[in-house]
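Numbering (this note's numbering), first residue to last: 209 to 648. Think of the CB as a built atom: it goes at the ideal place given N, C-alpha and C, for glycine as much as any other residue. Before any comments, here is the structure.
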């Protein structure tokens with residue numbers, strides 16, 4: 209089976225499932241696609257146990273020939289991050305820069321340590337033999353949030369702009385930071401020597417700071433070329449080359465490719481959009497990258513659902529993953545709460561923001577891909593099954609309920625603003641009456 213055969217099958221599944229969801233089920237697209245592909249995987253497994261081995265084995269053979277980690281981390285991720293960053297307003301991002309920075313950096317580190325510690329305690333209680341370093345690796349791979357599944361839901365729910373920007377910005381940046389933390393911890397497992405704090409800080413600086421700087425460079429180079437040509441076919445091709453060439457060159461330079469592409473996308477989507485493109489080019493560029501985003505998202509979530517066919521099907525591990533769901537949410541809640549407490553020292557944050565940010569922090573394909581990149585062994589099999597269970601819950605359950613939660617948050621904020629307005633009006637009336645009495 210060739211690579212083209214695999215792509216043809218995945219795209220066909222994505223198209224069929226998208227049609228069924230749009231025509232009959234009408235769930236949020238990414239959630240509907242994953243749900244249907246997961247149900248399809250379960251049906252194949254049942255058919256396999258009933259004697260239809262050829263169909264189940266064929267599907268397993270298909271997935272085993274496609275490395276999910278390489279497909280996502282070294283292929284699809286650059287396109288998805290660039291498409292997401294392209295439509296983020298830089299001015300809105302700057303308004304929320306403090307909370308985004310804290311959540312995407314210190315928040316990821318805090319969540320990694322907290323979830324890793326909780327996982328070690330839970331696994332020990334369940335009799336799952338996982339070394340502490342693997343528990344922290346689990347904390348690192350499950351801490352980054354995925355912007356893909358939640359953004360469309362937030363827009364439909366009418367989320368406030370500040371909240372939408374915070375979730376988007378954090379998700380775009382914490383992918384890169386989370387990968388850096390994961391790689392630093394993985395060095396303890398794979399390396400012949402144990403890296404010290406100096407080596408870890410050096411890796412962080414090279415990967416994270418280097419990725420941001422390199423992203424600024426390729427973003428400016430892209431803007432330089434866009435400004436000097438007025439042909440939308442050529443300009444779309446330039447942005448495509450920015451993603452493919454920029455992502456790969458960042459990997460070769462050993463800087464964070466995800467962070468580089470996010471920064472490049474922000475520059476092209478803001479500075480390049482306003483000063484380097486005509487209205488016609490902006491229209492075609494937006495249409496092109498929206499289509500790329502939609503197609504790759506569809507294929508990705510179908511692939512996540514189908515991956516269940518080749519994962520370890522150990523009920524003990526699935527139980528462990530289920531019990532870890534509240535632990536992961538607790539780690540997210542405490543890390544978000546701690547970071548917003550710092551921000552509250554300088555600005556007002558609406559009541560309920562921590563709960564919304566906690567529940568809207570969905571886990572997705574990146575967590576699964578990082579788990580699949582672990583060294584072969586029993587520890588890897590355990591963490592893959594546990595991670596997949598948490599990701600499935602996050603996308604299917606949190607994804608379906610985050611919309612109503614945001615709507616409740618919006619109504620609560622509006623009531624609070626109205627109450628303050630009425631209180632202010634009442635205070636003004638009392639002052640007016642007092643002034644009148646003094647005049648008498």
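Whether residue i touches residue j by CB criterion (8 Å)
| i | j | result |
| --- | --- | --- |
| residue 440 | residue 480 | no |
| residue 366 | residue 615 | yes |
| residue 599 | residue 575 | yes |
| residue 308 | residue 377 | yes |
| residue 412 | residue 349 | no |
| residue 221 | residue 245 | yes |
| residue 463 | residue 414 | yes |
| residue 475 | residue 422 | no |
| residue 554 | residue 338 | no |
| residue 434 | residue 484 | yes |
| residue 594 | residue 532 | yes |
| residue 426 | residue 450 | yes |
| residue 373 | residue 304 | yes |
Minimum C-alpha distance to residue i - residue among the options
| i | options | result |
| --- | --- | --- |
| residue 417 | 433, 381, 390, 443 | 381 |
| residue 504 | 321, 265, 279, 303 | 279 |
| residue 273 | 212, 603, 322, 330 | 212 |
| residue 617 | 395, 368, 336 | 368 |
| residue 341 | 520, 406, 299, 325 | 325 |
| residue 473 | 448, 375, 605 | 448 |
| residue 583 | 396, 564, 492 | 396 |
| residue 567 | 414, 433, 604, 594 | 604 |
| residue 456 | 283, 223, 229 | 283 |
| residue 328 | 528, 295, 514 | 528 |
| residue 621 | 321, 510, 255, 370 | 370 |
| residue 255 | 517, 597, 602 | 517 |
| residue 522 | 596, 310, 459 | 596 |
| residue 322 | 499, 346, 312 | 346 |
| residue 331 | 565, 394, 560, 530 | 530 |
Coarse secondary structure for residue i, derived from DSSP in three states
| i | result |
| --- | --- |
| residue 640 | Any reading at residue 640 is ruled out, since the residue's pLDDT is 49, under 50, leaving its predicted position unreliable. |
| residue 300 | helix |
| residue 607 | helix |
| residue 387 | helix |
| residue 216 | helix |
| residue 278 | helix |
| residue 367 | coil |
| residue 400 | Low local confidence applies: a pLDDT of 49 at residue 400 is under 50, so the model's placement there is unreliable, with the coordinate-based value given in what follows. Reduced to three states, the DSSP call for residue 400 is coil. |
| residue 223 | helix |
| residue 228 | helix |
| residue 257 | helix |
| residue 173 | The question about residue 173 has no answer here: the residues shown for the chain are numbered 209 through 648. |
| residue 616 | helix |
| residue 557 | coil |
| residue 338 | coil |
| residue 571 | coil |
| residue 273 | coil |
| residue 288 | helix |
| residue 234 | coil |
| residue 477 | helix |
| residue 244 | helix |
| residue 485 | coil |
| residue 353 | coil |
| residue 581 | coil |
| residue 152 | In the structure as shown, the chain starts at 209 and stops at 648, and residue 152 therefore has no counterpart that could be examined. |
| residue 203 | What is shown of the chain runs 209 to 648, which leaves residue 203 out entirely. |
| residue 313 | coil |
C-alpha distance - residue i paired with residue j, whole-angstrom precision
| i | j | result |
| --- | --- | --- |
| residue 445 | residue 275 | 27 Å |
| residue 611 | residue 619 | 12 Å |
| residue 452 | residue 424 | 16 Å |
| residue 547 | residue 562 | 10 Å |
| residue 270 | residue 214 | 7 Å |
| residue 585 | residue 578 | 15 Å |
| residue 581 | residue 285 | 15 Å |
| residue 540 | residue 210 | 41 Å |
| residue 251 | residue 300 | 45 Å |
| residue 588 | residue 438 | 51 Å |
| residue 237 | residue 352 | 22 Å |
| residue 506 | residue 223 | 8 Å |
| residue 199 | residue 289 | Examination of residue 199 is not possible in this model, given that the chain is present from 209 through 648 alone. |
| residue 247 | residue 515 | 12 Å |
| residue 608 | residue 294 | 26 Å |
| residue 258 | residue 268 | 16 Å |
| residue 400 | residue 298 | Low confidence applies to residue 400: its pLDDT is 49, below 50, so where it sits in the model is not reliable, and the reading given next is rough at best. Spanning the two alpha carbons is a distance of roughly 43 Å. |
| residue 379 | residue 231 | 30 Å |
| residue 249 | residue 513 | 7 Å |
| residue 243 | residue 436 | 46 Å |
Worksheet entry | Those runs of the alpha helix (DSSP H) which lie wholly inside the stretch 386-474 and span at least 4 residues | Segments of the alpha helix (DSSP H) lying fully in the stretch 386-474: 405-412, 418-435, 440-460.
Discussion item. To test your reading of the DSSP string, which unbroken alpha helix (DSSP H) runs of 4 or more residues are found completely within the stretch 497-555?
Written reply: Listed in chain order, they are 523-551.
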